[in-house]
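Protein chains in written order, with the UniProt record's numbering: chain A, 1 to 198; chain B, 1 to 127.
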């Protein structure tokens, strides 16, 4: 005899377990909806905040590897809500203003300065979003007057100035650090970056 | 001029291959034409190829395959390892190691120091 279904041991013999009848819950519907109601999918993905590399802590000197400022050495200030890093040269030292960078485009060095005295709480992602651009009109740009050079807001300039004023005395405490931040990073002949310590 | 650095029991050698590069050891016995038995205070005695070691000028006064404590005593009394570090060869190894261990800021400072030094040398030569 073929054993199909669910069998349970009872003493020495096996006994077939009969399916338990399901109790019906009232009447089944007389009509089905003509169109399927779309159920929203369960939101399974949860956005995790970007994990900051353990080698990057506030005050760490970073080497930028991409973008307009590649090769520059900058100071890491804090990680923003979006996961991007807030860095600055400072501007007065090597021309890098406060800006956001992704941590995959930086090398973290072992050099750190103590920036616990610097207040960076007022900077968040919205600070860098800027005003919305005006929509371009149908006219081709040829006959239009050359757009005026973008003026930076006085607030922005004052913030950068305050940040420079806070950071520069800390940097000057360490000998050669200012010159180090001013210098570009580049690989020289014979450098083997995978074996180098930063 | 005859050879002065001979393969012999008690000869201090430096491993010049692999992960133990730069480690100082003592030859405590000769296995065959290609290998010697080597020993050091912080290792287990083992046969090792002559090809992978460089002989130093230092020799300990020990017998064949001494007990570890005798080897350590001979090393302590002769100060062979410390003397090696004071030689030009030992200093070169140490400076190479320090260079490899320095970080980005350290390399930058070394570059600045080198520039300052060569400027001084140039100025002195001009006189």
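We treat Cβ as the ideally placed atom computed from N, Cα and C, and that holds for glycine. Treat the numbers as computed from the prediction; the structure is a model and nothing was measured.
Grouping DSSP H, G and I as helix and E and B as strand, with all else coil, what is residue 27 of chain B? As a first step, residue 27 of chain B is located in the second chain; it is residue number 27 there, counting from the start. Strand at residue 27 of chain B.
For residue 180 of chain A, does the count of other Cβ atoms within 10 angstroms reach 16, so buried, or fall short, so exposed? Residue 180 of chain A sits at position 180 when you count from the first residue of the first chain. Residue 180 of chain A should be labelled buried.
Check whether the segment 75–82 of chain A and the segment 22–32 of chain A touch, using three or more Cβ-Cβ pairs below 8 angstroms as the test. The segment 75–82 of chain A, when compared against the segment 22–32 of chain A, does not touch it at the 8 angstroms Cβ threshold.
Buried versus exposed call for residue 169 of chain A [16 or more other C-beta atoms within 10 Å across all chains shown]: As a working mapping, residue 169 of chain A is identified with position 169 in the first chain. Per the 10 Å Cβ criterion, exposed.
Counted within 10 angstroms of its Cβ, other Cβ atoms place residue 177 of chain A as buried (16 or more) or exposed: Here residue 177 of chain A refers to the residue found at position 177 of the first chain. Residue 177 of chain A comes out buried.
Strictly under 7 angstroms for the Cβ-Cβ distance: is residue 114 of chain A near chain B by that measure? The residue given as residue 114 of chain A occupies position 114 in the first chain. Output row for residue 114 of chain A: interface = no.
Give me, in chain order, the residues of the same chain whose beta-carbon lies closer than 8 angstroms to that of residue 96 of chain A; leave out the 5 immediate sequence neighbours on both sides. In the first chain, counting from the first residue as 1, residue 96 of chain A sits at position 96. Excluding sequence neighbours, residue 96 of chain A sits near 64, 69, 72, 74, 87, 88, 89, 90.
At what residue ranges does the UniProt domain "Large ribosomal subunit protein eL14" (45–117) of chain B contain a whole run of the alpha helix (DSSP H), taking only runs of 4 or more? 68–78, 80–86, 88–101
When burial is assigned at 16 or more other CB atoms within 10 Å of the CB, is residue 6 of chain A buried or exposed? For the purposes of this step, residue 6 of chain A is identified with residue 6 of the first chain, where counting begins at 1. Result: exposed.
Would you please state the rounded distance, in angstroms, between the beta carbons of residue 9 of chain B and residue 28 of chain B? I believe it to be under 8 angstroms. Translated into positions along the second chain, residue 9 of chain B becomes position 9. Translated into positions along the second chain, residue 28 of chain B becomes position 28. A Cβ-Cβ separation of about 6 angstroms places residue 9 of chain B in contact with residue 28 of chain B under the 8 angstroms criterion.
Where residue 17 of chain A sits in the DSSP three-state scheme: Here residue 17 of chain A is taken as the residue at index 17 of the first chain, counted from 1. The answer is strand: DSSP assigns residue 17 of chain A an E or B state.
Only counting the same chain, and skipping five residues up and downstream in sequence, which positions put a Cβ closer than 7 angstroms to that of residue 84 of chain A? The residue you call residue 84 of chain A lines up with position 84 of the first chain. If we look at residue 84 of chain A and ignore the five residues flanking it on each side, its Cβ neighbours are 100, 101, 102.
Between residue 20 of chain B and chain A, is there a C-beta pair that is closer than 7 angstroms? Here the question's residue 20 of chain B lines up with position 20 in the second chain. No, its Cβ sits nowhere closer than 7 angstroms to a Cβ of chain A.
Span of the beta strand (DSSP E) holding residue 110 of chain A? Sequence index remark: in the first chain, residue 110 of chain A carries index 110 (1-based). Element bounds for residue 110 of chain A: 106–112.
With DSSP as the reference, identify every bridge partner of residue 39 of chain B, one or two as the case may be. Residue numbering aside, residue 39 of chain B sits at position 39 when the second chain is read from its first letter. According to DSSP, which records beta bridges pairwise, residue 39 of chain B is partnered with B:26.
Pair every Cβ in the segment 24–39 of chain A with every Cβ in the segment 47–57 of chain A, then say whether three or more of these pairs are closer than 8 angstroms. The segment 24–39 of chain A, when compared against the segment 47–57 of chain A, does not touch it at the 8 angstroms Cβ threshold.
Ignoring anything shorter than 4 residues, give me the alpha helix (DSSP H) runs that lie fully in the segment 53–133 of chain A, in order along the chain. As summarised for the segment 53–133 of chain A, the continuous alpha helix (DSSP H) elements at least 4 residues long and confined to that stretch are 91–94, given in chain order.
Go through its chain and collect everything with a Cβ distance to residue 80 of chain B's Cβ below 7 angstroms, but skip five positions before and after it. Position 80 of the second chain, counted from the first residue, corresponds to residue 80 of chain B. Closer than 7 angstroms at Cβ, skipping near neighbours: 12, 58, 60.
Looking at the structure shown, is residue 25 of chain A part of a helix, part of a strand, or coil, going by DSSP? Counting from one through the first chain, the residue named residue 25 of chain A turns up at place 25. If DSSP states are grouped into helix, strand and coil, residue 25 of chain A belongs with coil.
For chain B, check one thing: does any of its Cβ atoms lie closer than 7 angstroms to the Cβ of residue 60 of chain A? Taking the first chain and counting its residues from 1, one reaches residue 60 of chain A at position 60. Residue 60 of chain A does not count as touching chain B.
Out of A:188, A:122, A:172, which one is the CA nearest neighbour of residue 182 of chain A? In the first chain, the residue the question calls residue 182 of chain A occupies position 182. The residue with the shortest Cα to Cα distance from residue 182 of chain A is A:172.
So who's on the other strand from residue 119 of chain B, going by DSSP bridges? Translated into positions along the second chain, residue 119 of chain B becomes position 119. Residue 119 of chain B is not bridged to any residue.
Relative to the alpha-carbon of residue 62 of chain A, which residue among B:126, B:104, B:125 has its alpha-carbon at the smallest distance? Within the first chain, numbered from 1, the residue matching residue 62 of chain A stands at position 62. Distance from the Cα of residue 62 of chain A is smallest, within the candidate group B:126, B:104, B:125, for B:104.
Buried versus exposed call for residue 111 of chain A [16 or more other C-beta atoms within 10 Å across all chains shown]: The residue given as residue 111 of chain A occupies position 111 in the first chain. Buried.
From residue 175 of chain A to residue 67 of chain A, what does the alpha carbon distance come to, in whole angstroms? Start at 1 with the first residue of the first chain, and residue 175 of chain A comes out as number 175. Start at 1 with the first residue of the first chain, and residue 67 of chain A comes out as number 67. Roughly 29 angstroms separates the two Cα atoms.
Report whether the distance from the Cβ of residue 38 of chain A to the nearest heavy atom of the ligand MN is below 6 angstroms. With respect to the ligand MN, the structure shown offers nothing to examine, as it has no ligands at all.
Beta-carbon within less than 8 angstroms of residue 69 of chain B's beta-carbon, same chain only, minus the 5 sequence neighbours each way: which residues are those? Within the second chain, numbered from 1, the residue matching residue 69 of chain B stands at position 69. Taken in chain order, the list of residues that qualify is empty.
Check whether chain E comes within 7 angstroms of residue 180 of chain A, counting only Cβ atoms and requiring the distance to be less than that. Checking the listed chains, one finds no chain E in this structure; the protein chains it contains are A and B.
Contact between the segment 182–198 of chain A and the segment 39–53 of chain B (3+ Cβ pairs under 8 angstroms): no
What residues match up with residue 15 of chain B in a beta bridge as DSSP calls it? Within the second chain, the letter at position 15 stands for residue 15 of chain B. Answer is B:53, bridged to residue 15 of chain B.
Taking residue 101 of chain B as the query, report the chain A residues whose CB atoms sit under 7 angstroms from its CB, ordered along the chain. Position 101 of the second chain, counted from the start, is the residue given in the question as residue 101 of chain B. Neighbours of residue 101 of chain B on chain A, chain order: 197.
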